[in-house]
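Student: I have a structure I would like to understand better, so I am pasting it below and will then ask my questions one at a time.
Numbering (this note's numbering), first residue to last: 5 to 151.
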């Protein structure tokens, strides 16, 4: 129950970062997908939040049922490779347990405009986490609104 409360609290806090910016999507297509411990996982619902103090940090949060993948791009500057940092902002959530990342990477492979004043970023990710959790072969294509 405590972990479910924490999960709900993080969702609320992520929404609170919307004052900085939040972009959500549900396009009917998988926009974030991965293999978690060898099992396919995918979500069509996601949110992107960011802060600009002191540098630009972007957090991508994707949900599928009662599971979630969350990862942070620390000091985001565009196309490139970003380490998945051991933090409260990078995890796989399932069975009321946060499996926090301890190592991995996010690679932004493409960035383009959608014609509606949004930047779309596309890439891949992987990380290892608590409780022998492995998130591999991750792919994403999400909209940023950095205004």
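All residues carry an ideal CB built from backbone N, CA and C; glycine is no exception. The model shown is predicted, which means the values in this text are computed figures rather than measured ones.
Where does residue 149 sit, in a helix, a strand or coil, going by DSSP?
Tutor: The sequence position of residue 149 within the chain shown is 145, counting from 1. Three-state result, residue 149: coil.
Student: State the Cα-Cα distance for the pair residue 93 and residue 75, rounded to the nearest angstrom.
Tutor: Indexing the chain shown from 1 puts residue 93 at position 89. Indexing the chain shown from 1 puts residue 75 at position 71. If I take the Cα positions, the gap works out to 6 Å.
Student: By DSSP, does residue 64 sit in helix, in strand, or in coil?
Tutor: Along the chain shown, read from residue 1 onward, the residue named residue 64 stands at position 60. Residue 64: strand per DSSP, three-state reduction.
Student: Alpha carbon to alpha carbon, how far is residue 60 from residue 143?
Tutor: Walking along the chain shown from the start, residue 60 turns up at place 56. Walking along the chain shown from the start, residue 143 turns up at place 139. For residue 60 and residue 143, the distance between alpha carbons rounds to 21 Å.
Student: Can you tell me which of the three DSSP states residue 118 falls into?
Tutor: By 1-based counting over the chain shown, the position of residue 118 is 114. Coil, per DSSP.
Student: May I ask you to list the residues that DSSP assigns as paired with residue 123?
Tutor: Against the chain shown, residue 123 aligns to sequence position 119. Answer is 117, 148.
Student: Straight-line CA distance for residue 119 to residue 108?
Tutor: As a working note, residue 119 is residue 115 in the chain shown. As a working note, residue 108 is residue 104 in the chain shown. Cα-Cα distance, rounded: 32 Å.
Student: Any beta carbon of chain B sitting closer than 8 Å to that of residue 75?
Tutor: No chain B is part of this structure, which consists of one protein chain only.
Student: In the DSSP assignment, what are the bridge partners of residue 87?
Tutor: Residue 87 sits at position 83 when you count from the first residue of the chain shown. Per DSSP, 109.
Student: Taking all protein chains shown into account, decide if residue 43 is buried (16 or more other Cβ within 10 angstroms of its Cβ) or exposed.
Tutor: Numbered from its first residue, the chain shown carries residue 43 at position 39. Residue 43 is exposed by the Cβ-count criterion.
Student: Just to confirm, are residue 135 and residue 101 a CB contact at a threshold of 8 Å?
Tutor: Here residue 135 refers to the residue found at position 131 when the chain shown is read from its first residue. Here residue 101 refers to the residue found at position 97 when the chain shown is read from its first residue. Yes. Within cutoff.
Student: Please list, in chain order, all residues of the same chain as residue 106 whose beta carbon is under 8 Å from its beta carbon, the five residues on each side excluded.
Tutor: On the chain shown, residue 106 is found 102 positions in, with the first residue counted as 1. Cβ neighbours of residue 106 beyond the five flanking positions: 90, 131, 132, 133, 134.
Student: What residues are listed by DSSP as bridge partners for residue 95?
Tutor: On the chain shown, residue 95 is found 91 positions in, with the first residue counted as 1. In DSSP, residue 95 forms a bridge with 74, 104.
Student: Run the CB neighbour count on residue 103, radius 10 Å, all protein chains shown included, and call it buried at 16 or more, exposed below.
Tutor: Here residue 103 corresponds to residue number 99 of the chain shown, with the count starting at 1. Looking at its Cβ environment, which holds 16 or more other Cβ atoms inside 10 Å, residue 103 is buried.
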